[in-house]
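Trainee: After the structure tokens below, expect a handful of questions from me.
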Amino acid sequence: MNRINTNQPIIFETLSPLPFATTLVQCVAVKDEILICKSSEDYKNKKIQKICDYPLNVTTVGHCVVKRIHNNNVNNVSLLSFGGREKHTLVMRYTSVWRNNNKMKNNIAYNQWIPLTDNFKKMVKIGRDEDNYEGVRAVISGSNNHLLFISYKPRNLDVFDLNTLQYISRNTLSIDDLLGYHCFTLMIEHPPRMVINKKKNSGLSIEYNESVNTFQFRQLQIFPALASSIKYAYVCIENAILFFGGYDIGRVACSKKIYMYSIKEDKWKKLDYTLPCPLFDCVALLTEHDKFVHIIGRGNRHQPMHKKINLKKWMKEEMKRENALAIIEGEKRDIQAIKKEIAGIAEIKDGFKLKKLKVGKK
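Just so you know, numbering that gives the first Met the number 0 puts 280 at position 281 of the sequence shown, and the rest follows in order with no gaps.
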């Protein structure tokens, strides 16, 4: 029987399991809504409302869904779904199903997956036939929020312009490890920085110069305990990345551990908090008002799980822990300093006695 740590504040809220499989699910947050892009459901206030179905000929295994905000208008949102074991390229103009059920507005079809097309209504495919897009990961950045950065197997990083619908560059990363179902996230900085967390050896910090179309790379260390884990959830919060759960290949078991990586300091930390239960095959996302982190995945017995974290309360408790640890570490340093002083005084006394003894012998 597992012991419950009664000293640990209850910061995880267990929500009702989703009524469908959450394996390899893709999710995005739009304001206070979570769009679950497996069968396109919208989750809000513990309620689910269907948006639409993927086309029958589309298989959503290992695909990627990203959100694009147009003209810095949070009410003008589109979703891009692409890649996967059997590649597809679809877009959706989204309007809240909770506020407006009208699927046609200004001759634009909303809340429907449709093929990506150019100005001549010609279908555009992201990914060549030879590209392996299973487990692909992507982020959107750029001066006009128009550049799609695509990282995929085996060691590729491409840049696709969502305005011109053309590839800007294709690149092969000088890494030993293989990509796929990996961590690829965006740090909102100036200039924006991307981070790839690979499975075994190390991570990469990536900066892109849009004016000259060049990359700068910096190696990042990987926490040893996380190096053997796969299918974990991750979310970027300010200058840190949180990692939740995952499947530990070495231990052949699901994990409920939480790790934090500080990008500026290039430091890893295993948090004292743990998930209420082991989770893997999971995804984490931050609501746009930065209030909650939702973690959606599977438990040990493959049952669907949905957890929610009150981020403000969590960070407050974590700060208390940090302050307490800082006090303890400070006290330890003081004790060590006192011990050194005592040892130094003892050495001086011993030296004085020895000198006096030598003088006496003369």
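Backbone N, C-alpha and C fix where the C-beta goes; we use that ideal spot for every residue, glycine too.
As the structure is a prediction and not an experimental result, all values here were calculated from the model.
Any chance you could list the alpha helix (DSSP H) runs of at least 4 consecutive residues sitting entirely within the segment 206-265, in chain order?
Mentor: 223-226
Trainee: Roughly how many angstroms separate the alpha carbons of residue 36 and residue 12, rounded to a whole number?
Mentor: Their backbone Cα atoms lie some 22 Å apart in a straight line.
Trainee: Starting from the C-beta of residue 143, find all residues in its chain whose C-beta is less than 8 Å away, skip the five residues before and the five after it, and write them out in chain order.
Mentor: 162
Trainee: Under three-state DSSP, which class holds residue 267?
Mentor: strand
Trainee: Kindly indicate which residue of 207, 170, 150 has the alpha-carbon position closest to the one of residue 196.
Mentor: Just measuring C-alpha positions, the residue of 207, 170, 150 sitting nearest residue 196 is 150.
Trainee: Between residue 282 and residue 25, which are expected to be in contact by the criterion C-beta below 8 Å, what is the C-beta distance as a whole number of angstroms?
Mentor: With a contact defined as Cβ atoms closer than 8 Å, residue 282 and residue 25 qualify at about 7 Å.
Trainee: In or out: residue 55 buried (at least 16 other Cβ within 10 Å) or exposed?
Mentor: exposed
Trainee: With DSSP as the reference, label residue 335 as helix, strand or coil.
Mentor: helix
Trainee: Whose CA, out of 216, 34, 139, lies closest to the CA of residue 17?
Mentor: 34
Trainee: Ignore the nearest five residues each way along the sequence and tell me which others in residue 296's own chain have a CB closer than 7 Å to its CB.
Mentor: 21, 232, 244, 278, 279, 280, 281, 282, 304.
Trainee: Does the pairing of the segment 238-257 with the segment 211-220 give three or more beta-carbon distances under 8 Å?
Mentor: They do not touch, by the three-pair rule.
Trainee: Could you check which residue in 236, 181, 186, 78 has the C-alpha nearest to that of residue 288?
Mentor: 236
Trainee: Please report the distance separating the alpha-carbon of residue 290 from that of residue 308.
Mentor: 8 Å
Trainee: Report buried or exposed for residue 323, applying the criterion of at least 16 other Cβ atoms within 10 angstroms of its Cβ.
Mentor: Residue confidence is low: residue 323 scores 49 on pLDDT, short of 50, so the model does not pin down where it sits. No coordinate-derived value is stated.
Trainee: According to DSSP, is residue 147 helix, strand or coil?
Mentor: In this structure, residue 147 counts as strand in the three-state DSSP scheme.
Trainee: With DSSP as the reference, label residue 312 as helix, strand or coil.
Mentor: helix
Trainee: Three or more beta-carbon pairs under 8 Å between the segment 118-128 and the segment 56-73, yes or no?
Mentor: no
Trainee: In angstroms, rounded to a whole number, what distance separates the CA positions of residue 146 and residue 168?
Mentor: 11 Å
Trainee: Mark residue 302 as exposed unless 16 or more other C-beta atoms lie within 10 angstroms of its C-beta, in which case mark it buried.
Mentor: Counting every other CB atom within 10 Å of its CB across the protein chains shown gives residue 302 a total below 16, marking it as exposed.
Trainee: DSSP three-state call for residue 181: helix, strand or coil?
Mentor: Residue state, collapsed to three classes: coil.
Trainee: Applying the criterion that 16 or more other CB atoms from any shown protein chain within 10 Å of the CB defines a buried residue, is residue 153 buried or exposed?
Mentor: exposed
Trainee: Please classify residue 15: is it buried, with 16 or more other beta-carbons within 10 angstroms of its beta-carbon, or exposed?
Mentor: exposed
Trainee: Let me know the secondary structure DSSP gives residue 305 once reduced to three states.
Mentor: strand
Trainee: Can you find a CB in chain D that lies within less than 8 Å of the CB of residue 299?
Mentor: Included in the structure is just one protein chain, with no chain D present.
Trainee: Measure from the alpha carbon of residue 185 to the alpha carbon of each residue in 23, 79, 238, 93, then state which is nearest.
Mentor: 238
Trainee: With H, G and I counted as helix, E and B as strand and the rest as coil, what does DSSP make of residue 69?
Mentor: helix
Trainee: Using CA coordinates, which residue listed in 225, 93, 140, 98 is at the minimum distance from residue 205?
Mentor: 140
Trainee: If I follow the unbroken beta strand (DSSP E) through residue 26, where does it start and stop?
Mentor: 26-29
Trainee: Around the Cβ of residue 183, are there at least 16 other Cβ atoms within 10 angstroms (buried) or fewer (exposed)?
Mentor: buried
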